[in-house]
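According to the numbering used here, the stretch in the sequence shown is residues -18 to 302, in order.
Just so it is clear, CB atoms sit at the ideal spot from N, CA and C, and this is done for glycine as well.
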Amino acid sequence: MKYHALLSIAAALTVLVSCDAPLPEQYSLASKISLPEGIAYDELTYAFFTTAINGGEISRMSALGQERVFYASTDPMVSFSGAHVDAERRLLWVCQVDVKTDPVPNSKVVAFDIDEGTLVRTIDLGEPSFCNDLTTDDEGTVYATDSALPNIYKIGADDEFEVFATSPQFAPVAPGAMALNGLDIAPGGEELLVVKTIPAALYRVSLSDPSDIAEVTFTGDPFALPGDPRFPGPDGLEFLGDELYVIYDGGVQQLSFAGDDYAQAVVRTTTAVPTGLTSATVAEGRLYMVDSEVYRVLYQFQQPNLPFKILHLDESLFAGP
């Protein structure tokens, strides 16, 4: 039986399960060393993809909790970070960083055929560059952040990349410091929201005029909770409906925007989540996050609390008075 036929049968069986019951609250990941960082969800096959910032692997987790290696690089020094599924074009987009070249990294934006499990597109961003996270618009155009340079890149169908938006506000505070990180396109498809880790800030970039950049202002809870060790800096971000969720090592913030220009938001915060969070994705109308202890392992030199997990974020944690 051909691979496509097997895939279709597996997807059909998963559909039956997923239509009858919601996805589980959490999944345990098998690896003890991979430090999963990015996460994406394919709505056609009901599968999560998690990337690893060491070990050179990308994992696939079915809705039923069956995990397998989706892709393994021949070079274990390859690091995979942000991930995004373009379901219409059946592509899994991933940021790839060559960690051997630190502290002057070289990075690529790569795409895999989801159904074949093969690498089909590679865009080299050059040196230095540190592709951290990415997303796509309705046309399949890719937008990617660079944590080493003050740039957001744009990649079209011809695989040529250009600096889409740049600003001194996006620059690292010092060589090696983490600057731009997660990004997502706002509902309506006209604005790009991008977070900076150090110092913590959120920016709105107009997709029609990338020189139109505004730092988002906040009311409600303080953004990033300065001085709280559970909030060392914002990492991933993801829209679920009209709310934007910003992921930290030990907390999550829900941002509700006032108006349609995405320049001001009300912040609600929860710390009723595990430590070790990195990024999030929407799956079947709910938000799922990666728990992998990246911050503690890489920056505090601690051992991770195993197993690594994919877990659901309970939105009721943000219910206000």
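| said: Considering only the alpha carbon of each residue, which of 15, 179 and 165 lies closest to residue 186? | reply: The count along the sequence shown starts at 1 and reaches residue 186 at position 205. Cα-wise, what sits closest to residue 186 is 165.
| message | Our contact map puts residue 78 next to residue 60 with C-beta atoms below 8 angstroms; I'd like the distance itself, whole angstroms only. | response | Working through the sequence shown from its first residue, we reach residue 78 at position 97. Working through the sequence shown from its first residue, we reach residue 60 at position 79. Correct: roughly 4 angstroms between the Cβ atoms.
| query | In terms of residues, what are the limits of the alpha helix (DSSP H) holding residue 275? | reply | Here residue 275 refers to the residue found at position 294 when the sequence shown is read from its first residue. Note, residue 275: alpha helix (DSSP H), 275 to 280.
| task | Note down, one range per segment and in chain order, each alpha helix (DSSP H) of at least 4 residues found wholly within the stretch 82 to 154. | result | none
| C-alpha distance - residue 8 paired with residue 42, whole-angstrom precision | As a first step, residue 8 must be located in the sequence shown, where it is residue number 27. As a first step, residue 42 must be located in the sequence shown, where it is residue number 61. Residue 8 and residue 42: Cα-Cα distance of roughly 8 angstroms.
| query | If you follow the beta strand (DSSP E) that residue 69 is part of, which residue opens it and which one closes it? | reply | Your numbering for residue 69 matches position 88 in the sequence shown. That residue, residue 69, is in no beta strand (DSSP E); it is neither H nor E in DSSP.
| When the distance is taken between beta carbons, is residue 111 closer than 8 angstroms to residue 132? | In the sequence shown, the residue the question calls residue 132 occupies position 151. In the sequence shown, the residue the question calls residue 111 occupies position 130. No, the Cβ-Cβ distance between residue 132 and residue 111 is not below 8 angstroms.
| query | Does the distance from the CB of residue 37 to the CB of residue 14 come in under 8 angstroms? | reply | Working through the sequence shown from its first residue, we reach residue 37 at position 56. Working through the sequence shown from its first residue, we reach residue 14 at position 33. Against a cut-off of 8 angstroms, the Cβ pair of residue 14 and residue 37 comes out as no contact.
| What are the residues that DSSP puts in a beta bridge with residue 269? | Translated into positions along the sequence shown, residue 269 becomes position 288. Residue 269 pairs with 262 and 293.
| request: Given a cut-off of 8 angstroms, decide if residue 22 and residue 254 are closer than it, judged by their beta-carbon atoms. | output: Translated into positions along the sequence shown, residue 254 becomes position 273. Translated into positions along the sequence shown, residue 22 becomes position 41. Contact flag unset, no.
| request: Decide yes or no for the touch test of the stretch 86 to 95 against the stretch 189 to 197: beta carbon pairs closer than 8 angstroms, at least 3 of them. | output: no
| Segment limits, beta strand (DSSP E) that includes residue 40 | What you label residue 40 is simply residue 59 of the sequence shown in a count that begins at 1. Counting along the chain, the beta strand (DSSP E) containing residue 40 begins and ends at 38 to 43.
| Neighbour-count burial assignment, residue 230, 16 or more Cβ in a 10 Å radius | For the purposes of this step, residue 230 is taken as the residue at position 249 of the sequence shown. It is buried - the Cβ of residue 230 has at least 16 other Cβ atoms within 10 Å.
| field | Check whether residue 130 and residue 124 have beta carbons under 8 angstroms apart | value | Within the sequence shown, numbered from 1, the residue matching residue 130 stands at position 149. Within the sequence shown, numbered from 1, the residue matching residue 124 stands at position 143. Taking 8 angstroms as the Cβ cut-off, residue 130 and residue 124 do not qualify as a contacting pair.
| message | Quick check: what's the CA-CA separation for residue 175 versus residue 162? | response | Residue numbering aside, residue 175 sits at position 194 when the sequence shown is read from its first letter. Residue numbering aside, residue 162 sits at position 181 when the sequence shown is read from its first letter. Looking at the two C-alpha atoms, the distance is approximately 7 angstroms.
| message | For residue 196, list the residues DSSP reports as bridge partners. | response | Looking up residue 196 in the sequence shown gives position 215. Residue 196 pairs with 184.
| query | What's the gap between the Cα of residue 292 and the Cα of residue 6? | reply | Counting from 1 along the sequence shown, the entry for residue 292 is found at position 311. Counting from 1 along the sequence shown, the entry for residue 6 is found at position 25. Distance between the alpha carbons of residue 292 and residue 6: 6 angstroms.
| Rounded separation between residue 299 and residue 69 - CA only | As a first step, residue 299 is located in the sequence shown; it is residue number 318 there, counting from the start. As a first step, residue 69 is located in the sequence shown; it is residue number 88 there, counting from the start. Roughly 32 angstroms separates the two Cα atoms.
| For residue 221 versus residue 228, is the C-beta spacing smaller than 8 angstroms? | The residue you call residue 221 lines up with position 240 of the sequence shown. The residue you call residue 228 lines up with position 247 of the sequence shown. No, the Cβ-Cβ distance between residue 221 and residue 228 is not below 8 angstroms.
| field | Per-residue DSSP class, three states only, for residue 204 | value | Reading the sequence shown from its first residue, position 223 is the one you call residue 204. Residue state, collapsed to three classes: coil.
| query | Closest by CA to residue 44, which one among 52, 26, 53 and 57? | reply | As a first step, residue 44 is located in the sequence shown; it is residue number 63 there, counting from the start. Checking every option, the nearest Cα to that of residue 44 belongs to 26.
| message | Using C-beta distances below 6 angstroms, list every residue in its chain close to residue 212, excluding the 5 sequence neighbours before and after it, in chain order. | response | As a first step, residue 212 must be located in the sequence shown, where it is residue number 231. Counting only Cβ-Cβ distances below 6 angstroms, and skipping sequence neighbours, we find 205, 206, 229 and 232.
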